[in-house]
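Numbering (my numbering), first residue to last: 18 to 85.
Note that the Cβ used here is the ideal one computed from N, Cα and C, for glycine as well.
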Amino acid sequence: MVCFCFLVDQERQVRRSKPAAGICSRCGGGASVADMKTATRFCHVPFYWKYWKAIICTFCGATLRTYP
Ligand SMILES: [Zn+2]
Numbered sequence: 018m019v020c021f022c023f024l025v026d027q028e029r030q031v032r033r034s035k036p037a038a039g040i041c042s043r044c045g046g047g048a049s050v051a052d053m054k055t056a057t058r059f060c061h062v063p064f065y066w067k068y069w070k071a072i073i074c075t076f077c078g079a080t081l082r083t084y085p
């Protein structure tokens, strides 16, 4: 996989988020529930999308928890 790293990359986007209870374990910032989208790209052309939910920190962007 390492030799393909310059051809295949992943782009993570937050589609929308809303405040949630809880704080970030890393920086103490506020957490939010976010609809995430991960696009896997081959030579910068997206060919696979995955939608998922996660609790993320609004301050440092850390992923605190993910949902299957
Ligand atoms: Zn944080």
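Query raised in the report: By DSSP, does A51 sit in helix, in strand, or in coil?
Result: strand
Query raised in the report: Could you give the C-beta distance for K70 and S49, rounded to a whole number, given that I count them as a contact under 8 angstroms?
Result: Going by Cβ atoms, the distance from K70 to S49 rounds to 11 angstroms, so no, they are not a contact pair.
Report task. Assign C44 to buried or exposed, taking buried as 16 or more other Cβ atoms, counted over all protein chains shown, within 10 Å of its Cβ. Result -> exposed
Query raised in the report: Under the criterion of a Cβ to heavy atom distance below 8 angstroms, does C60 qualify as lining ligand 1?
Result: C60 Cβ: outside cutoff for every heavy atom of ligand 1.
Report task. State the Cα-Cα distance for the pair V31 and K67, rounded to the nearest angstrom. Result -> 12 angstroms
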